[in-house]
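Accompanying notes for the structure given below.
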Amino acid sequence: MTLSSPWRKDFVMFDDSHYPSSSLPPLHYLDSAATCLIPEQVVAVNQRYLQFEHANSHRGFYPLSSDLTDRVENTRQQVASFINAPCAQQIIFTSGATSAIHQIVQGYFADKIAAKHNIVTTVAEHHANFVPWQQLAQSVGAELRIAPVKASGEVDIELLTELIDENTLLLTISHLSNVTGVENPLEQIINQIKSINSSVKVVVDGAQYIGHYPLDVSTLGCDFYVFSGHKLYAGFGVGVLFCHQRVIEAMSPVVFGGGMVERVTNNQSLWQTGIRRFEAGSLNAQAIVALAAAIEYIQFARSNDAQLYMSELSNYLRQRLSAIGFCQFLVATDKATPIVGFNLKGIHSHDVASILAEHNVAIRAGHHCAQPLHSYLNKNSSIRVSLALYNEQQDIDAMIDGLEKAHTIMAV
Amino acid sequence: MQTTLYQQALLSHHQNPTGFQHNIKPSAESDGYNPACGDEITVKISTEKNTITGISFEGESCAICRASASIMCQQVSSLSDVQAKESIALIESSFAQKVPFAEALSPLNGVFDFPVRQQCALLPWQTLKQCLSQFKNS
Numbered sequence: 381m382t383l384s385s386p387w388r389k390d391f392v393m394f395d396d397s398h399y400p401s402s403s404l405p406p407l408h409y410l411d412s413a414a415t416c417l418i419p420e421q422v423v424a425v426n427q428r429y430l431q432f433e434h435a436n437s438h439r440g441f442y443p444l445s446s447d448l449t450d451r452v453e454n455t456r457q458q459v460a461s462f463i464n465a466p467c468a469q470q471i472i473f474t475s476g477a478t479s480a481i482h483q484i485v486q487g488y489f490a491d492k493i494a495a496k497h498n499i500v501t502t503v504a505e506h507h508a509n510f511v512p513w514q515q516l517a518q519s520v521g522a523e524l525r526i527a528p529v530k531a532s533g534e535v536d537i538e539l540l541t542e543l544i545d546e547n548t549l550l551l552t553i554s555h556l557s558n559v560t561g562v563e564n565p566l567e568q569i570i571n572q573i574k575s576i577n578s579s580v581k582v583v584v585d586g587a588q589y590i591g592h593y594p595l596d597v598s599t600l601g602c603d604f605y606v607f608s609g610h611k612l613y614a615g616f617g618v619g620v621l622f623c624h625q626r627v628i629e630a631m632s633p634v635v636f637g638g639g640m641v642e643r644v645t646n647n648q649s650l651w652q653t654g655i656r657r658f659e660a661g662s663l664n665a666q667a668i669v670a671l672a673a674a675i676e677y678i679q680f681a682r683s684n685d686a687q688l689y690m691s692e693l694s695n696y697l698r699q700r701l702s703a704i705g706f707c708q709f710l711v712a713t714d715k716a717t718p719i720v721g722f723n724l725k726g727i728h729s730h731d732v733a734s735i736l737a738e739h740n741v742a743i744r745a746g747h748h749c750a751q752p753l754h755s756y757l758n759k760n761s762s763i764r765v766s767l768a769l770y771n772e773q774q775d776i777d778a779m780i781d782g783l784e785k786a787h788t789i790m791a792v
Numbered sequence: 002m003q004t005t006l007y008q009q010a011l012l013s014h015h016q017n018p019t020g021f022q023h024n025i026k027p028s029a030e031s032d033g034y035n036p037a038c039g040d041e042i043t044v045k046i047s048t049e050k051n052t053i054t055g056i057s058f059e060g061e062s063c064a065i066c067r068a069s070a071s072i073m074c075q076q077v078s079s080l081s082d083v084q085a086k087e088s089i090a091l092i093e094s095s096f097a098q099k100v101p102f103a104e105a106l107s108p109l110n111g112v113f114d115f116p117v118r119q120q121c122a123l124l125p126w127q128t129l130k131q132c133l134s135q136f137k138n139s
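Listed in order, the protein sequences are those of chains A and B. Per the numbering used here, residue 381 is the first one in the first sequence, and the count goes up by one each step. Per the numbering used here, residue 2 is the first one in the second sequence, and the count goes up by one each step.
Structure representation (structure tokens):
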């Protein structure tokens, strides 16, 4: 049976009739871990917003603005329900996952960390969830402790827990690796960490997880969870920071400006009491309404067996790659997920990506903003293939054809 | 089999590179790194009276970088440091101004259509430039 996506028709980028003068072969987009393409349903909401609904939310008394304020706040509630957060007042809109992490670093931990503390993370983090903590630790002379991963790509829980002590301020960890696609068993990790030191805060980078699997932050037990809209079919411009109630009151604003203050005098400023104090300046309402449409889209897809389809497609991807004798997976796991990292024996990843690019097969090559992981695995780069709802068997077949061609051309 | 970027002449350099891991007694050496893709290269030169008498490169890099390094080793061997710097300047300005290369450098012409890969081709030459300045300073 051929795997065909019932959602592909929603993404007009795959419709060749839109490129009558193009000499390129059909697009095979396999780089959704970088950013997801945007379905027509979200594009339509965006267009309607730009034409008829654009205003500055949380500002005006007129219907255009107040209606938009309602939509933003309804989206906040929608996001809370989507990730099973207890309430909308624990959802902060940011410009993306990176700025969400910055808010946590500077707004929560910067005034709590001291030289005696340590921060625990893993070697498999994206730079966005590695560099800010490295810089924070260095700013006060604290220690950054880095847990290794096992051959399977999962963080080594035994070694990770050994890094936790009474001076551990926080653990920061990704839910799904952006390089290997391996999921960390977070519920188990968080339970173990908190049983060693209940005051350790847990920050989760969910940028790659959120688009593929249902999320329940209440069950997870983390203190902070971040993700971005553009890896959820919403396009660029919005990120989400979930904060547990136990941390939100102790967090300070990082960006100052309009919309986040209660009262300003010549000598001092008082912040708003709710989460709006973390959202200085004009909100990117266009991106937020797109996020609402994207969540609606993905929920509808999930109610129509999207996860089963993605599981079958991920299995097909792994099976085809495994059958190539010259494919070397970065980690040894049999668990197929929509993201997979590998190299072709003796061929640099950029050469593979360039040959695939000539066939309009879009994959990612390089270190994927994860240099510590590549150093740990003793690789200077890798190839990453990542799937989304619009992919189907023909994309994987085209990619495999390209890999075989690359091997024929490049093998020394 | 070849592609627009990977013409046969470039592939020949990649598969049988000149100067790769040649054993020389270096007067100077430099490391080059392309943060975009992770290309790493070390260029070594031996010199006598301001003339390059030996050149070698090593490291883990893509085919474009490796072929460009091979061409570089052929081109600058026996040149004076001034002539070598002129060659480097020519390569840099040709990429900047999109002026096609002639003769021995022509395998690099395919790179013009792939701006993101130009840094791969430039890396060996820029590393040699560092190497020459180090040699000059010492």
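C-beta: ideal position from N, C-alpha, C; glycine also.
Asked	Found
Who are the near neighbours of Ile570 of chain A in its chain, counting only those whose CB is closer than 7 Å to its CB and skipping five residues on each side?	Val582, Leu600, Gly601 and Cys602
Mind checking if Phe115 of chain B is an interface residue toward chain A, Cβ cutoff 8 Å exclusive?	yes
Do you know whose CA, among A:Lys530, A:Leu769 and A:Ser702, lies nearest Leu539 of chain A's CA?	A:Lys530
Please return the same chain residues whose Cβ sits closer than 8 Å to the Cβ of Glu542 of chain A, not counting the five positions on each side in sequence.	none
Just to confirm the assignment: which complete beta strand (DSSP E) runs, minimum length 3, are found wholly within the region 513–555 of chain A?	523–527 and 548–554
Using alpha carbons as the reference points, say which of A:Ala716, A:Phe709 and A:Thr548 lies closest to His754 of chain A.	A:Phe709
Whole angstroms is fine: what's the gap from Val644 of chain A's alpha carbon to Gly637 of chain A's?	10 Å
Could you pull out every unbroken beta strand (DSSP E) segment of at least 3 residues lying fully inside the region 592–664 of chain A, listed in chain order?	604–608, 619–623, 641–644 and 649–651
Mapping DSSP to helix, strand and coil, what is Gly487 of chain A?	helix
When you compare only the Cα positions, how much space is there between Ser139 of chain B and Gln515 of chain A?	Residue placement at Ser139 of chain B is poorly supported in this model, since its pLDDT is 45, which falls under 50; the coordinates are not used for a value here.
Chain A partners of Cys74 of chain B, CB-CB under 8 Å?	Neighbours of Cys74 of chain B on chain A: none; closest Cβ ~17 Å, over 8 Å.
List the residues of chain B that Ile735 of chain A touches, going by C-beta distances under 9 Å, in chain order.	Thr4, Leu6 and Tyr7
Taking C-beta pairs closer than 9 Å, name the residues in chain B that Glu784 of chain A reaches, listed in chain order.	Chain B residues near Glu784 of chain A: none, gap ~11 Å exceeds 9 Å.
Measuring CB to CB, does Cys121 of chain B end up less than 8 Å from Cys74 of chain B?	no
Output, in chain order, the set of chain A residues within a Cβ distance shorter than 9 Å of Leu12 of chain B.	Ile789 and Met790
How would you call Lys759 of chain A, buried or exposed, if buried means at least 16 neighbouring beta carbons within 10 angstroms?	buried
How about the region 425–442 of chain A and the region 621–635 of chain A: do they share at least three Cβ pairs that are nearer than 8 Å?	no
Using the three-state DSSP reduction, which class does Cys416 of chain A fall into: helix, strand or coil?	coil
Any beta carbon of chain A sitting closer than 8 Å to that of Asn138 of chain B?	Note on Asn138 of chain B: pLDDT 49, under 50, position unreliable in the model; the coordinate value appears next. By this cut-off, Asn138 of chain B is not an interface position.
Between which two residues does the beta strand (DSSP E) harbouring Gln708 of chain A extend?	Cys707 to Phe709
Please compile the residues from chain B whose C-beta is within a distance smaller than 8 Å of the C-beta of Asp781 of chain A.	Correct list: empty, because the minimum Cβ distance to chain B is about 13 Å.
Exposed or buried, what is Ser437 of chain A when buried is set at 16 or more other beta-carbons lying within 10 Å of its beta-carbon?	buried
Cβ closer than 7 Å: which chain A residues qualify as neighbours of Ala68 of chain B?	Under the 7 Å cutoff, chain A gives no residues; its nearest Cβ is about 10 Å from Ala68 of chain B.
Using a Cβ-Cβ distance cut-off of 8 Å, determine whether Ser702 of chain A contacts chain B.	no
Cβ of Cys132 of chain B within 8 Å of Cβ of Ile25 of chain B?	no
I'd like the ranges of any alpha helix (DSSP H) spanning at least 4 consecutive residues and lying wholly in the region 677–727 of chain A.	686–702
To which residues of the same chain is Leu417 of chain A closer than 8 Å at the C-beta, ignoring the five residues directly before and after it?	Phe391, Met393, Tyr409, Tyr613, Ala768 and Tyr770
Just checking: is the beta-carbon of Asp536 of chain A within a distance shorter than 8 Å of some beta-carbon in chain B?	no
State whether the region 548–556 of chain A contacts the region 506–514 of chain A, with contact taken as three or more CB pairs (one from each stretch) at a distance under 8 Å.	yes
Should Val741 of chain A and Gly782 of chain A be called a contact, given that it needs their Cβ atoms to be closer than 8 Å?	yes
Would you grab the beta carbon distance between Leu556 of chain A and Tyr589 of chain A for me? Rounded to a whole angstrom, and I think it's under 8 Å.	4 Å
What are the start and end residues of the alpha helix (DSSP H) that includes Lys45 of chain B?	It is not in any alpha helix (DSSP H) - Lys45 of chain B instead sits in the beta strand (DSSP E) that spans Asp40 to Glu49.
Quick one: what's Arg764 of chain A bridged to in DSSP?	A:Gly721 and A:Arg744
Leaving aside the five residues before and after Ser445 of chain A along the sequence, list all residues of the same chain whose C-beta is less than 7 Å from its C-beta, in chain order.	Ala435, Asn436, Ser437 and Arg439
Would you mind stating whether Trp651 of chain A and Val635 of chain A have Cβ atoms separated by less than 8 Å?	no
Output, in chain order, the set of chain B residues within a Cβ distance shorter than 7 Å of His728 of chain A.	Ser62, Cys63 and Ala64
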